[in-house]
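Residue numbers (our numbering), protein chains in the order written: chain S, 15 to 612; chain P, 76 to 463.
Listed below in C-alpha cells is the structure:
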C-alpha cells in the first residue's frame, strides 16, 4: 500500500509527493532561515482539513530545516508530530517539548542527561515542577531559540485550558525565545476569541484543496513511484483522464482520499470507478466513525441527520428533526463548524448547514443502503467521465431535440474534434498550431468550414484594425449554420473571443438567430447567454433570455441547474445555489466552467 | 532577560516621550492588540539610560495577586535586582512572616493573607538596593490580568486591593523613584468601568498616572519597518523607490502589524512587492474569509468587554460610520441612532467618547462641535465590507 505514513516514510518520497504544498513548505522554510539570520519571530499556523497533507508538510519542513546548519545553529527544534497526547497543563507542555527535542537529538549522552532531568521533575513537589521545568528548558536552549513544530495544536491548547495557555503566552513574551509553526484542521476558539491569550497571535496560512491539475500530478507521481507502466499508459487514455477528474471531484482535492482512490484504481484499472469508490468508502468508514464517536451525542445526531438529508438544511429544520432547542442547535452547529465537520451558508437570518466533505456523507449513507450510493456515483461518472463523454452527451442532447435525428449516429469522432479546438482555445495556442490540427482532418463539411474560418480570423487576433474585425466578423456571423449546430457554436465562440467588446453585434445576432427557433437546444442558448454576461448588457435582456430557456425542452437536471443559475445570478439571490446539495453544486460549477455547455 | 532589539524598528520618539514622562509620573499605556506595545516595553528595557532600572513582567497568565507578587519577586531575583541577603527590610519581614520557608512557599495558601505586605516589602527592598535610581516596573497585560481576576477567578476584592495597593505604593514610594507602566490591549478603563458598574467601586486609582496611547507608527518609522522587513525576508520590490514603500504604509495606515502581515502574505505567495501586489493583498485581506486579515478582534472586543447596551449602540454607530470617509457631525450620528431607537443624546455622546478613547474613532472639534470618523481607514473598509 502506498497510503504512506508521513512520520516514517523516506524523506525523498515525501519531497517527491509534495504536490500542491511545495510553495507553502518553501515559504515556511524561508521564514525559518530568515528567522535564524535576522532574529525574526516565527508564529505560523497552517490550517487544512483532515488528510490535506499537514503532517506531510510538517515532516518535509522538519527534514529540510533539521539538516540546515544555519537553522540548527540558531534553533533547537521540538518536532511534536501528533504524539503530544495528555498535555493538560503548561508544565506538561514543557515536558512534551523537552521530550520532542530529545527524541530527534542524535547526541546519546545529551539524550541520557535530559532524560534523567525529566526523571528529576517527577520526583519534586508538584508546586515546584513548572518553575524547574522552565529553568531546564531555558538552560537546555542556552543561547539558542526554540522552534516548536506542532501538529494539531488545538489539542494541546484545549488540554492546557485558558490558564495554561496564558502561562505559555507569558513565557513566550517574557523569554523572547519561543517560535511556533503549528497546524490544525480549522481555526479554533482559543486563537479567535478576543479574550484568549493567543488571539490573533499566529500568521494563518490556509491550505487549499488540490486543483484538478495537482490531483493529476499527484496520481502520476504515485504511479511513477509504483513503477507501473500499464497504469501510466492507462492514465493517458480518455478513460484514465476521466477517472482522474472523477477522483478529484469525489475527493475534493484531498490528499489522503486521492491516495486511497489511487490504491484501488491501480488494483483494478480496467473497471470503472464504482468498485474503487465503494472499496474506498468501506475503508474510510471506520476512519470517519472514529471521529464521530468522540463527538457528544447531540452532534452525532446532527451529523447523521445531515448525511441522510443530502441537501443543506436550515438550522431550524435541524433543531426540529433532531429534537433540539434552537439555542442548543446553534451552539452545537458552531462547535461542529469549529471542528471542521460542517459548512454553513448564510440564508437571510438563518444558516443552511451541510457536511463539509461528501465522503463522510457517503460513508454514513453506506450503512443505510448501497443502492443510493451507486446511483449517485453513476450520475457523477456520467457527468464527469471525460471531455469527450461530456461533448458526446451534449451532441446527443442536441440531436434528440432535433426532428428526424438518427440516434444511432456515432458522435465520438466529432466530439473529439471539438475537444481539440476547445483545448487549443483554452491554452491560447497559436492559430497556426490549431490549423495544423484542423488540416489533419480529412473530412469535408464542418471541418473545412472551420479551417476557412480559422484562416479568416488568423489576421484578426489580437491587434488588427477594428474596421477589419467588424467586416470579417459580420461575414462570419451571417454564415448560414442552420444545419450545422457545431459550426454555429464554433463561429460564435471565435467571434466572441475576437470581438470581446462588441456587445451590440452579439446581441443583434442573438436576436435574429435564436428568437423563436424551437430547435435551439438549451446548451446552445446558454452559451449565448454566457456571451451576454461577458458584455455586461442590460440585465433585463439577459433575464428575458433566461426565462425563455426555461420553457425549452431539456433534461431534468440541466433544467434544474439553469433554474438555480437564473435565481442566483440574475435575481440577485445567490443563496438559492445552496438549495442544491454539495455534489450538484459542484456539477453546476463544473458545467459553468465548461464553455460548450454554458 | 536580555532582549534582542535588532527587529524592533522605529518607535524612538515614543520611547523618548515615555522616558520623559517617567521622570515624574507612572504611566498607563494603552492600544489595540498587535500595535507593538510589548516591543516598545522591550525597547525601553534594552535601551534605557543608566539612571533607570527597568523590569519587564508579563502577567496575563497570573491567576491571583499572590501569584503576581511571587512572579514579580522571582523576576526581580532573576534580573539580579533584589537579593534577600542585601535587602534588609524585606529580609526582616521575610524572617518574621514566612521564616525558614523557601520563597516558593509564597505560592501556598498560607501566603495568601501576606501578599500585600510582601509587595510593599519587595518594593522597599528594591529601592534600598537600587538607591538613587528610578525603578520602572513595566507590567504588560495588566488590565487583562485584572479582568480575569474579576470575571474568571471571581477575585473582585483582590483585584480592587491590588489596584489600591499599587496606588499606595506609587504614593508612598514615588518620591524615592518607583514608577510603573501598566500596559494592556484592553483599556484599563474597561476594568474600572466593570468594577464601578457591577461592584460599586468608587475609587479613582489611576488619577496619579499619565495616560498614554500607542498609536500607528509615524510614516518615517513605518517606512523603516518596511525596508527592514523587505531586507530580512529577501523580497524583491518593484519599482524599488520611496513611492512603493509609501504606498504600502498608507494602504495600512502605518499600522505595524498590517505592514508585517502584508509583507508576510506577499512572501508566502512568493510574489514581489509592487503597487499592484500591495493593492491586491490589502483587498484580499479585507475580503478574505476565515479572519485572514485578523480584523475580527475589533468586533470581538466590543462584544467581550462592552456592556451589552453600550456594545449594541457602538456597533450600530460603527456600522454606519464605516460608510463615511470623512468626519461626521456628532448630531448627525445622534439623528441616525434616534431614527432607529429611542435614545438620549448623552448616551450617544458617551458611546462616541468611549469609541474615541478605545481608538476606534478619530475626533476633531470645530467651533465647539464634535466630529467623528474611523481612526483607521483600513479598518473602516473592512467594517464597511462586512457590516456597513
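Backbone N, C-alpha and C define an ideal beta-carbon position, used for all residues, glycine too.
Pairing residue 46/S with residue 231/S gives a Cβ-Cβ distance that is not under 7 Å.
Looking at the DSSP output, residue 368/S bridges to 357/S. Considered as a whole, the region 91-154 of chain P harbours 102-105, 127-133 as its complete beta strand (DSSP E) runs of no fewer than 3 residues, in chain order. Its chain contains 339, 340, 343 as the residues whose beta carbon lies nearer than 7 Å to that of residue 333/S, once the 5 sequence neighbours on both sides are disregarded; these appear in chain order. The beta carbon of residue 119/S sits closer than 7 Å to the beta carbons of 125 from its chain, once the five residues preceding and following it are set aside; these are given in chain order. What residue 208/S touches in chain P, judged by beta-carbon distance under 7 Å, is 372, 375, 376, 379, going in chain order.
Below the 7 Å Cβ cutoff, chain P contributes no neighbours of residue 223/S, its closest Cβ being approximately 14 Å away. For residue 164/S, the enclosing beta strand (DSSP E) stretches over residues 159-164. Apart from sequence neighbours up to five positions away, the residues of its chain that approach residue 202/P with a beta-carbon distance below 8 Å are 210, 248, 251, 252, 253, ordered along the chain. Contact of residue 264/P with chain S by beta-carbon distance below 7 Å is absent, the smallest such distance being about 16 Å.
For residue 367/P and residue 186/S, the gap between their C-alpha atoms comes out near 23 Å. If you draw a 10 Å sphere on the C-beta of residue 125/P, you find fewer than 16 other C-beta atoms in it, and that means exposed.
Counting only runs that start and end inside the region 169-216 of chain S, the alpha helix (DSSP H) elements of at least 4 residues fall at 203-206.
Going by C-alpha positions, residue 304/S is about 16 Å away from residue 370/S. Bridge pairing for residue 58/S: 195/S, 217/S [DSSP].
Assigned with DSSP and collapsed to three states, residue 370/P falls in coil, not helix or strand.
The beta carbon of residue 214/S falls within 7 Å of a beta carbon belonging to chain P, placing the residue at that interface. With respect to chain P, the C-beta atom of residue 187/S has a partner C-beta closer than 7 Å. Within the DSSP secondary-structure output, residue 348/P pairs in a beta bridge with 312/P.
Using a Cβ-Cβ distance cut-off of 8 Å, the region 427-437 of chain P and the region 449-456 of chain P are in contact, since at least three pairs of beta carbons, one from each stretch, lie closer than that value. Within chain P, not a single residue places a beta-carbon under 7 Å from that of residue 162/S; the smallest gap is close to 18 Å.
Check the Cα spacing between residue 269/S and each of 210/S, 255/S, 235/S, 139/S: the tightest is with 235/S. Residue contact with chain S for residue 389/P: absent (no Cβ-Cβ distance below 7 Å to any residue of chain S). Contact between residue 163/S and residue 72/S holds: their C-beta atoms lie close to 6 Å from each other, under 8 Å. Scanning chain S for C-beta atoms nearer than 7 Å to the C-beta of residue 138/P yields 177, reported in chain order.
Taking one beta carbon from each stretch, the region 101-110 of chain S and the region 49-64 of chain S have fewer than 3 pairs nearer than 8 Å; the two do not touch. The beta-carbon distance between residue 140/P and residue 190/P, rounded to whole angstroms, is 5 Å. This is short enough to meet the 8 Å contact definition. DSSP, reduced to helix, strand and coil, places residue 335/P within a helical segment of the structure shown. Where residue 92/S is concerned, the enclosing beta strand (DSSP E) starts and stops at 89-94. Between the beta-carbon of residue 119/P and that of residue 90/P there is about 6 Å, and that keeps the pair under the 8 Å contact cut. Note that the C-beta distance between residue 462/P and residue 410/P is not below 7 Å.
Here the region 69-85 of chain S lies against the region 184-198 of chain S, with 3 or more beta-carbon pairs under 8 Å apart. For residue 86/P, none of the residues of chain S pass the 9 Å Cβ criterion, the least Cβ distance being about 16 Å. Nearest neighbour of residue 202/S by Cα position, chosen from 224/S, 272/S, 181/S, 172/S, turns out to be 172/S.
Within chain P, 345 have C-beta atoms less than 7 Å from the C-beta of residue 37/S, given in sequence order. Cβ-Cβ separation between residue 281/P and residue 263/P: approximately 7 Å, consistent with a contact (criterion under 8 Å).
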